[in-house]
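Here this note's numbering is used: the first residue of the sequence shown is 21, the next is one more, and so on. Below: the structure, in structure tokens.
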Amino acid sequence: MSERDPKLQTVIDMALSLLPHEMGCDNCFDYLAAYADHMTNGTTIPEHLRMVREHLARCVSCEEEPTFLLEAMKAQGEEHNNAEG
Ligand SMILES: [Zn+2]
Numbered sequence: 021m022s023e024r025d026p027k028l029q030t031v032i033d034m035a036l037s038l039l040p041h042e043m044g045c046d047n048c049f050d051y052l053a054a055y056a057d058h059m060t061n062g063t064t065i066p067e068h069l070r071m072v073r074e075h076l077a078r079c080v081s082c083e084e085e086p087t088f089l090l091e092a093m094k095a096q097g098e099e100h101n102n103a104e105g
């Protein structure tokens, strides 16, 4: 039973979007890349991605995850600045 009904997936997605203060570690990780993307581009963090930030603030195990992303972002920014100059 590994196939997932697309309709069911839609329902799940909706349910997740309705739970602003309940995000599991798996979901958090799923959104982490998108979240990092917004951070990198400096674009506004969408509501559902704000949950990631809130989860990271509360979850010790996930809090450590984005460190490498943040480091990568910083490195990227520095690279960019060098290229500009
Ligand atoms: Zn977590």
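Note that the Cβ used here is the ideal one computed from N, Cα and C, for glycine as well.
From the options, pick the residue whose C-alpha is nearest to that of residue i; which is it?
i             : options                       : result
threonine 60  : Pro26, Glu91, Glu74 and Val80 : Glu91
asparagine 47 : His58, Thr63, His68 and Arg24 : His68
arginine 73   : Val31, Ala95 and Gly44        : Gly44
lysine 94     : Asp25, Ile32 and Gly62        : Gly62
Looking only at its own chain, which residues have a Cβ that is under 8 Å from the Cβ of residue i, when we skip the five neighbours before and after it?
i          : result
proline 66 : His58
Please list, in chain order, all residues of the same chain as residue i whose beta carbon is under 7 Å from its beta carbon, the five residues on each side excluded.
i            : result
histidine 75 : Met43, Cys48 and Cys82
alanine 54   : Leu69
**Study point:** At least 3 beta-carbon pairs within less than 8 Å: the segment 70 to 83 vs the segment 44 to 58
**Key:** yes
**Study point:** 4-residue-minimum alpha helix (DSSP H) runs that sit fully inside the segment 38 to 86, ordered along the chain
**Key:** 45 to 61, 67 to 78 and 80 to 83
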